[in-house]
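In case it helps, mature numbering (1 follows the signal peptide of the UniProt record, and there is no 0) puts the sequence shown at residues -18 to -1, 1 to 111. To keep things clear, I will list the structure first and then write my remarks on it.
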Amino acid sequence: MMPFAHVLLTFLIAPVVSLVGSVPISSRDVFAPPVTYPHNGVVWYCGDRYNVTWDTSNPPEQITNNEGTIILSHNGRLLLDHSLADGFNIMDGRVEVEVPNVKVGNKYSIVLLGDSGNQGETFRIARHT
Ligand SMILES: *[C@@H]1O[C@H](CO)[C@@H](O)[C@H](O)[C@H]1NC(C)=O
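Next up, the structure:
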């Protein structure tokens, strides 16, 4: 399967699948660590590098999928052509990303995908003048 299609399926379908209960994942094994940076008030500049961070302090005993993916979201829409990072360990608590050359503005947020999806607070992307 294409990576983006996989991500999309994980994000959109996984909650439905666990409701139906057709996969052997108990809810306590689902780990959706909250994104702690970037948060409200942060400004990122196109082309610069930053560490996205998240809180790994409450992991379940067993993590079903410990491989993380980070996608940029704008105004609630996943920018699937701007996957920022993938293949890192969800227990790392941070991963360095480069800000793509997107339209400047507010309402950007980070979506962290592993077992489940988690969206951070909105922040702004600007361009160096
Ligand atoms: C990200 O964090 C690592 C580890 O603390 C550090 O070495 C690196 O310089 C940081 N990157 C940025 C862009 O701040």
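Even glycine gets a Cβ: it sits at the ideal position worked out from N, Cα and C.
Count the other CB atoms within 10 Å of the CB of residue i; is the residue buried (16 or more) or exposed (fewer)?
i, result
"Ile(-6)", "Because Ile(-6) sits at a pLDDT of 48, beneath the cut-off of 50, its placement in the model cannot be relied upon, and the point is left open."
"Val25", "exposed"
"Thr51", "buried"
"Ser91", "buried"
"Thr35", "buried"
"Val79", "buried"
"Gly102", "buried"
"Thr104", "buried"
Quick check: does the Cβ of residue i come within less than 7 Å of any heavy atom belonging to ligand 1?
i, result
"Asn71", "no"
"Tyr32", "yes"
"Glu78", "yes"
Would residue i and residue j be called neighbours here (beta carbons separated by less than 8 Å)?
i, j, result
"Pro15", "Asp37", "yes"
"Phe70", "Pro42", "no"
"Asn33", "Val81", "no"
"Arg59", "Gly87", "no"
"Ile72", "Asn100", "no"
"Lys89", "Asn40", "no"
Identify the residues that DSSP records as bridge partners of residue i: which are they?
i, result
"Glu49", "Asn71"
"Phe105", "Tyr90"
"Asn40", "Asn40 pairs with nothing; no bridge assigned."
"Thr35", "Tyr19, Arg76"
So, under 8 Å CB-CB, residue i and residue j are touching, yes? Tell me the CB distance rounded to an integer number of Å.
i, j, result
"Thr46", "Asp97", "5 Å"
"Val84", "Ile53", "Not confirmed; about 12 Å, so no contact."
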